[in-house]
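Sequential numbering of the sequence shown, starting at 1, is according to the UniProt record's numbering.
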Amino acid sequence: MLRSVNGIRYVTPLREGGSLPAIVEADDGRMYVVKFRGAGQGALALVAELISGEIARLLGLRVPEIVFVQIDFALGRNEPDAEIRDLLKASVGQNIGLEYLPGATTFDPAAGDEASSSIASLCVWLDAFVLNVDRTARNANLLLSEGTLWLIDHGASLYFHHNWPTAKEKAVSRFEPIREHILLRWAGDIAAASHTAHASLTETKLNEILRLLPDEWLILESDEVTPSQRREAYRDFLLRRLEASNIFEQEMIHARSQLV
Numbered sequence: 001m002l003r004s005v006n007g008i009r010y011v012t013p014l015r016e017g018g019s020l021p022a023i024v025e026a027d028d029g030r031m032y033v034v035k036f037r038g039a040g041q042g043a044l045a046l047v048a049e050l051i052s053g054e055i056a057r058l059l060g061l062r063v064p065e066i067v068f069v070q071i072d073f074a075l076g077r078n079e080p081d082a083e084i085r086d087l088l089k090a091s092v093g094q095n096i097g098l099e100y101l102p103g104a105t106t107f108d109p110a111a112g113d114e115a116s117s118s119i120a121s122l123c124v125w126l127d128a129f130v131l132n133v134d135r136t137a138r139n140a141n142l143l144l145s146e147g148t149l150w151l152i153d154h155g156a157s158l159y160f161h162h163n164w165p166t167a168k169e170k171a172v173s174r175f176e177p178i179r180e181h182i183l184l185r186w187a188g189d190i191a192a193a194s195h196t197a198h199a200s201l202t203e204t205k206l207n208e209i210l211r212l213l214p215d216e217w218l219i220l221e222s223d224e225v226t227p228s229q230r231r232e233a234y235r236d237f238l239l240r241r242l243e244a245s246n247i248f249e250q251e252m253i254h255a256r257s258q259l260v
């Protein structure tokens with residue numbers, strides 16, 4: 001189960017990308033980086049964040065705690081910025097937040113930051129598995145805190161759900177964008193990462209993650225699929241992707257051979 005907290009103070013926006021995340025203080029006394037369902041990509045970015053983040057955790061990777069953040073209409077009532085006020089109004093209800101890591105720095109190889117082979121291999125495997133196009137030198141989405149590497153921001157993963165008819169094709173794709181992954185140069189143990197993933201990502205565990213998704217995030221105006229059917233569609237994609245993992249693993253190995 002994910003904890004649920006109430007947002008009590010909008011602290012500051014993080015104007016990155018189209019999701020307009022922000023640091024929000026919650027009623028548990030903690031700060032969270034919140035993604036809002038009223039932002040450009042809507043609830044689908046929140047779905048991707050939850051599924052991919054919790055899969056990463058299953059693999060043993062470090063992800064800040066993910067919580068549900070309840071946004072009340074009153075939160076944005078006195079916000080002077082009209083864009084933020086409209087965003088909060090459109091996001092009333094259940095949103096998603098990642099625990100804020102104060103003092104964390106962005107992972108930057110140019111500054112001498114490195115990753116272990118085991119962590120890099122698992123992270124690259126994860127991002128190929130969930131089709132995450134957004135962990136590159138341009139946007140690392142990795143933080144270093146007290147010597148530990150943390151994965152953040154998975155809203156761009158599982159992008160097939162913006163066009164469901166492509167799901168079957170994407171499930172068996174090589175995922176060529178993996179060649180731009182910021183950790184690829186250190187990912188020297190893909191076989192071990194694959195073994196860990198296949199041992200960890202059981203159908204039971206994947207179903208547990210999918211049951212966390214709120215029904216309202218799974219209802220799209222463009223179709224008549226029920227939330228239960230949508231969860232089944234995500235599960236079928238993930239299981240098909242796992243079964244076809246050798247396809248994207250070979251792409252990862254080939255791409256890395258071009259670097260080292």
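In this text, a Cβ means the ideal position worked out from N, Cα and C, and glycines have one as well. In this text the structure is predicted, and so the values were computed from the model without any measurement.
Inter-residue Cα distance where the pair is residue i and residue j
i, j, result
"Gly147", "Glu224", "47 Å"
"Asp179", "Arg256", "Reading the sequence as shown, one finds Arg at residue 179 and not Asp. Cα to Cα, the separation comes out at about 7 Å."
"Gln70", "Arg230", "23 Å"
"Val5", "Leu14", "20 Å"
"Thr12", "Asp236", "38 Å"
"Pro109", "Ile253", "20 Å"
"Ala56", "Leu87", "29 Å"
"Leu201", "Asn78", "45 Å"
"Ile209", "Ile51", "6 Å"
"Glu99", "Arg30", "8 Å"
"Ala115", "Leu239", "28 Å"
"Phe68", "Trp164", "25 Å"
"Ser222", "Gly112", "47 Å"
"Phe73", "Asn207", "32 Å"
"Phe175", "Pro80", "43 Å"
"Leu213", "Thr204", "15 Å"
Per-residue DSSP class, three states only, for residue i
i, result
"Arg9", "strand"
"Ser145", "strand"
"Asn139", "strand"
"His154", "coil"
"Met31", "strand"
"Ser222", "coil"
"Ser116", "coil"
"Ser4", "strand"
"Glu216", "helix"
"Val86", "In the sequence as displayed, the identity of residue 86 is Asp instead of Val. If DSSP states are grouped into helix, strand and coil, Asp86 belongs with the helices."
Which listed residue (the options) has its alpha carbon closest to that of residue i
i, options, result
"Glu249", "Phe107, Val172 and Val47", "Val172"
"Glu65", "Glu25, Arg138, Glu54 and Asp236", "Glu54"
"Leu131", "Arg3, Ala167, Gln94 and Asp108", "Ala167"
"Ala193", "Trp125, Ile209 and Trp150", "Trp125"
"Ile119", "Val260, Leu183, Ala199 and Gly112", "Leu183"
"Ala45", "Ile84, Ala82 and Ser91", "Ser91"
"Glu251", "Ala191, Phe73 and Glu208", "Ala191"
"Phe107", "His162, Val260, Ile152 and Leu75", "Ile152"
"Arg241", "Ile209, Asp127 and Met1", "Asp127"
"Val63", "Gly42, Gln258, Glu216 and Glu49", "Glu49"
"Pro177", "His162, His161, Trp186 and Ser157", "Ser157"
"Ala26", "Arg9, Ala82, Glu114 and Leu61", "Arg9"
"Asp215", "Gly29, Val47, Lys89 and Met31", "Val47"
"Gly42", "Thr226, Ser222, Ala244 and Trp217", "Trp217"
"Glu243", "Ile84, Arg211 and Ala199", "Ala199"
"Glu232", "Arg211, Leu2 and Arg174", "Arg211"
"Phe129", "Val24, Met1, Ser228 and Leu59", "Leu59"
"Trp186", "Lys205, Ser117, Leu75 and His195", "Ser117"
"His181", "Phe160, Lys170 and Asn141", "Asn141"
Per DSSP, cross-strand counterpart(s) of residue i
i, result
"Ala94", "One point to set straight first is that residue 94 is Gln, not Ala, in the sequence displayed. Bridge partners of Gln94: Gln70."
"Thr105", "Leu144"
"Ala22", "Pro13 and Val34"
"Glu99", "Tyr32"
"His161", "DSSP output for His161 lists no bridge partner at all."
"His181", "Thr136"
Near the ligand NAP: residue i beta-carbon under 6 Å from a heavy atom
i, result
"Tyr100", "This structure simply doesn't include the ligand NAP, nor any ligand for that matter."
Short CB-CB distance (under 7 Å) between residue i and chain C
i, result
"Ala43", "The chain inventory of the structure shown lacks chain C, comprising one protein chain alone."
Touch test, the region 18-35 against the region 131-142, Cβ-Cβ under 8 Å, three pairs minimum: Note that the region 18-35 does not touch the region 131-142; fewer than 3 beta-carbon pairs, one per stretch, sit closer than 8 Å.
May I ask you to verify whether the region 95-109 touches the region 145-163, counting CB pairs closer than 8 Å and requiring at least 3? yes
Would the region 36-50 and the region 77-96 be scored as touching if the rule is three or more Cβ pairs under 8 Å? yes
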